[in-house]
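Take a look at the structure set out below.
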């Protein structure tokens, strides 16, 4: 797919949704640490992978996480 010119995006679309599923509900700071650990794990798994133009690998942060 990447060789055909498609952009491969690897992320965790459910990450922002975990906020209200964790009990007790975490603080914003605690949830950001929770999310960052998962983002770092994906980034680590992808480290060293070669990408060829026009391929891009994107790992999204919890942009819609509570503020």
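Numbering (the working numbering), first residue to last: 27 to 93. Cβ atoms here follow ideal geometry from the backbone N, Cα and C, with glycine treated the same way.
Completely contained beta strand (DSSP E) runs for the stretch 28–82, where each covers 3 or more residues: none
Beta-carbon proximity check, residue 61 vs residue 41, cutoff 9 Å: yes
Residue 48 versus residue 56 - alpha carbon distance: 11 Å
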